[in-house]
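Protein chains in written order, with my numbering: chain A, 1 to 111; chain B, 1 to 111. Have a look at the structure below, then the notes.
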DNA sequence: ACTATATTTCGATATATGTCGAACATTCGA
DNA sequence: TCGAATGTTCGACATATATCGAAATATAGT
């Protein structure tokens, strides 16, 4: 059992699960908006272009979400686990970026 | 609180949650494949065109899923709850169809 | 009326999820 | 070296989810 199709289904199901929480979805959209402004779906409209182009740090992504830092961290870990985003330490801050390949899969799935 | 944007986010999060279970995703894809063959994403390849065009009954959607009827029913109820599908009794069987508007939202979201 | 088919509802159960707060880790600057 | 800033990890807890099996419901055919 578990052929290629099943693997793909599970990968997409994982993507959808990661985006199934409103707070996580907001963080992801925020990241899409600042990483790839050309894709801007239902962008948050909060801001465009952070200092370091193409990414946002953990704290930024938590802005306006009304959840504590440990929960933010937990959600980002989940987005990373399924491969929707990548992270990279930069001094005190940790930069987050969209994984372009994952976004492409998402974009192409029902299209 | 809870502006329009938040409402939209929650609607999409609900869509994603409904598609976050592999079995439910398979059922949905199966339905897309037979309701709107032109959209066929990662279609199941099991069959095309059921007798009554444009829909599949509950039993059909459960084929090959290895879960009992009550669980199938539960999953379909969830897909219906969020508005991804519509149902209609037809004799003993119950026909399921994709809700085209919901599919469009999905298709347009990251595009 | 009886039976078979198709599906739903209900109750149980095990596991997953979202969230918090406290404690820890890392890096930068004074 | 100390302290502030930025995140993460861990443990707890309440709620949600996926699944099953048994019982109920609806429809059709004999």
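From the three backbone atoms N, C-alpha and C, an ideal C-beta is built for every residue, glycine too.
Residue i by DSSP, collapsed to three states: which one?
{"i": "residue 45 (chain A)", "result": "Confidence is the limiting factor: at residue 45 (chain A) the pLDDT is only 46, short of 50, which leaves the residue's position unreliable, though a coordinate-based value still follows. Three-state DSSP puts residue 45 (chain A) in coil, outside helix and strand."}
{"i": "residue 94 (chain A)", "result": "strand"}
{"i": "residue 148 (chain B)", "result": "Beyond the ends of chain B as shown, which are 1 and 111, falls residue 148 (chain B); an answer cannot be given."}
{"i": "residue 57 (chain B)", "result": "strand"}
{"i": "residue 67 (chain A)", "result": "coil"}
Report yes or no: is there a C-beta of chain A within less than 8 Å of the C-beta of residue i?
{"i": "residue 10 (chain B)", "result": "yes"}
{"i": "residue 103 (chain B)", "result": "yes"}
{"i": "residue 107 (chain B)", "result": "yes"}
For chain B, is any of its Cβ atoms less than 8 Å away from the one on residue i?
{"i": "residue 56 (chain A)", "result": "no"}
{"i": "residue 33 (chain A)", "result": "no"}
Is any non-hydrogen atom of the ligand SAH found closer than 7 Å to the C-beta of residue i, if you look at the structure I gave you?
{"i": "residue 104 (chain B)", "result": "Only the bare structure without any ligand can be found here, which leaves the ligand SAH out of the picture."}
Apply the 10 Å Cβ neighbour rule to residue i and answer buried if 16 or more other Cβ atoms are within range, or exposed otherwise.
{"i": "residue 81 (chain B)", "result": "exposed"}
{"i": "residue 17 (chain B)", "result": "buried"}
{"i": "residue 20 (chain A)", "result": "buried"}
{"i": "residue 53 (chain B)", "result": "exposed"}
{"i": "residue 77 (chain A)", "result": "exposed"}
{"i": "residue 30 (chain B)", "result": "buried"}
- Message: Short of 7 Å Cβ to Cβ, which residues in the stretch 14-28 of chain B face chain A?
- Response: Taking 7 Å as the Cβ-Cβ cut-off against chain A, the residues of the stretch 14-28 of chain B that qualify are 16, 17, 19, 20, 21, 22, 25 and 26.
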